[in-house]
Amino acid sequence: MRKIKVVTYNIHRAIGIDRKFAPERIVEILNALDGDIVLLQEVDEGVPRSNELNLAKELAEACEYPHYALSHNVVLKKGHYGNATLSRLPIVRKRNIDLTVGDKKKRGCQHTTIQISESKTDFQFLEVFNLHLGLSAKERQKQAGILFKSKEFRDLDIKQPCIIGGDFNDWRSMLRALFIIGKDFECATDRTSIRGNEIAMRTYPSFAPRGGLDRIYYRGAMKCLDVSTTKMKVAKVASDHLPIVTTFKISK
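Note that our numbering numbers the sequence shown so that position 17 is 22, with each residue one more than the last.
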């Protein structure tokens, strides 16, 4: 059994709601959350608005994550941006699944396989899908279908520890049934209201959250022990989203 802390955070290219590019604020937040695995969305590489930095590399080094993976989704006039995964544990494989629908904005899901066992003979892996879905409900439903039909997802055993997290843009929780009923996932970021129905944790906009856009689904030999967001004042300014941090217990 092992405990793993997972963070998901749309960092908005480290450009805050004050329109200032300030990656040091993201570093402060990530250091405070102290996740073992961090899923980031809207991560620039070589883009003028973010000083042409490789943001994934800069954040990984500043927060002392020895492993990181960056996947490009959108090609700009100069540079790219997409999803990135930072990890204290070895990333043994990385792939990017194209979730683009028609002529809509380019979207993707980064799939990483992370070695979570410390034994050199008894390997155990966590499959991590880090995504950023589209703005329309129909687009998001199609993107979920593309993900579920992908070789990367289809090849997984249902008992294999697996996380799908990121910015779902799912204001009305219309994808919940696809993941929970259709694919046997549980949602770490749902909360039960006094009426007994499930409500997503609110993460958007960061300064006055009213939408539960950021989520983490999980399945396999794992259990969610804790989930929260942060009350740090800097998090209300650093991005237009708040981060979510979850702690899982993963069985052998």
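Every residue gets a Cβ at the ideal spot worked out from N, C-alpha and C, and that includes glycine. Owing to the predicted nature of the structure, the values given are computational and were not obtained by experimental measurement.
Next on the checklist: Quick check: the stretch 92-110 against the stretch 17-30, are at least 3 beta-carbon pairs closer than 8 Å?
Outcome noted: no
Checklist entry - Contact check, VAL12 vs LEU44 under 8 Å by CB: the rounded distance? => result Here residue 12 corresponds to residue number 7 of the sequence shown, with the count starting at 1. Here residue 44 corresponds to residue number 39 of the sequence shown, with the count starting at 1. Contact flag correct, Cβ pair sits at about 7 Å.
Item to check | In chain order, each alpha helix (DSSP H) run of at least 4 residues that lies wholly inside the stretch 85-156 | outcome: Fully enclosed alpha helix (DSSP H) runs of 4 or longer: 142-154.
Next on the checklist: Alpha carbons only, please: which of LEU161, LYS241, VAL239 and MET6 is nearest the one belonging to SER122?
Outcome noted: Within the sequence shown, numbered from 1, the residue matching residue 122 stands at position 117. With distances taken between Cα atoms, SER122 lies closest to MET6.
Item to check | Start and end residues, beta strand (DSSP E) containing LEU58 | outcome: By 1-based counting over the sequence shown, the position of residue 58 is 53. Taken as a continuous stretch (DSSP letters only), LEU58 belongs to no beta strand (DSSP E), as it is neither H nor E.
Checklist entry - Cβ of GLY87 within 8 Å of Cβ of HIS77? => result Within the sequence shown, the letter at position 82 stands for residue 87. Within the sequence shown, the letter at position 72 stands for residue 77. Taking 8 Å as the Cβ cut-off, GLY87 and HIS77 qualify as a contacting pair.
Checklist entry - DSSP beta-bridge partners for CYS229? => result In the sequence shown, the residue the question calls residue 229 occupies position 224. As DSSP reads the structure, CYS229 sits in a beta bridge with PHE253.
Next on the checklist: I'd like to check one pair, ILE185 with LEU136: are the Cβ atoms closer than 8 Å?
Outcome noted: Here residue 136 corresponds to residue number 131 of the sequence shown, with the count starting at 1. Here residue 185 corresponds to residue number 180 of the sequence shown, with the count starting at 1. At least 8 Å separates the beta-carbon of LEU136 from that of ILE185.
Next on the checklist: Please classify SER256 as buried or exposed, where buried requires at least 16 other C-beta atoms within 10 Å of its C-beta.
Outcome noted: Locating residue 256 in the sequence shown gives position 251, where the first residue counts as 1. Exposed, by the Cβ-count rule.
Item to check | Span separating the alpha-carbon of TRP176 from that of LEU140 | outcome: Residue mapping note: residue 176 aligns to position 171 of the sequence shown, counting from 1. Residue mapping note: residue 140 aligns to position 135 of the sequence shown, counting from 1. Near 10 Å, if we compare the C-alpha coordinates of LEU140 and TRP176.
Next on the checklist: Classify ILE163: buried if its beta carbon has 16 or more other beta carbons within 10 angstroms, exposed otherwise.
Outcome noted: Counting from 1 along the sequence shown, the entry for residue 163 is found at position 158. Exposed: under 16 other Cβ atoms inside 10 Å.
Checklist entry - What's the gap between the Cα of ASN202 and the Cα of ASN56? => result In the sequence shown, residue 202 corresponds to position 197, counting from 1. In the sequence shown, residue 56 corresponds to position 51, counting from 1. In a straight line, the C-alpha of ASN202 is about 45 Å away from that of ASN56.
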